[in-house]
Structures are given as structure tokens and as C-alpha cells.
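In the working numbering, the protein residues as written are 6 to 83.
Structure, rendered in C-alpha cells:
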């Protein structure tokens, strides 16, 4: 059994402390890879809805796309 010092979750930001389903994008092993098709589609849709076409770029990484999606969702009140 792992001890508590091995856990890096923040109970103030993690809705399910102890869960490993969410990880900061900075810690993603694949964060430097090109964004997925699903990310591209969602980011393009959000960019259009927010009137920020410049938020979409075909050459974003998975991590950068995730950050932009979160920013746009916040701006749209989602």
C-alpha cells in the first residue's frame, strides 16, 4: 500500500482525491504530441462560438489544445 507522501492530488482542486483520472497538462507524458481529432473539432467549435477564430491552430499540442479549450469554456461560462 502506498503511503500518503506518494500522492500528489490537491483536495482543494481534485473533486475525487486519490483519483488518478485527472493530471495537470504539464505532467502529461503525451502532452507534446499533436492534438487529437476530437480536440481539434471541439476547439474549432468553441473558437467559433466565442468569436475567437485565432484560438484555433492546426499545429497545437495535446497540452496546448487542452489549455485553450479550458480557457474558451471559461470565457463562454461553461
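Where is the CB? At the ideal position from N, CA and C, for every residue including glycine.
Treat the numbers as computed from the prediction; the structure is a model and nothing was measured.
Endpoints, the alpha helix (DSSP H) within which residue i is located
| i | result |
| --- | --- |
| residue 55 | From DSSP, residue 55 is part of no alpha helix (DSSP H); its letter is neither H nor E. |
| residue 80 | 67 to 80 |
Proximity winner among the options, relative to residue i (alpha-carbon distances)
| i | options | result |
| --- | --- | --- |
| residue 58 | 49, 41, 65 and 66 | 49 |
| residue 46 | 29, 81 and 73 | 73 |
| residue 63 | 42, 80 and 81 | 42 |
6 Å Cβ shell around residue i - same chain, five flanking residues per side excluded
| i | result |
| --- | --- |
| residue 44 | 70 |
Spatial neighbours of residue i in its chain, beta-carbon cut-off 7 Å, leaving aside the 5 residues before and after
| i | result |
| --- | --- |
| residue 78 | 51 |
| residue 83 | none |
| residue 66 | 36, 37, 38, 39 and 40 |
| residue 29 | none |
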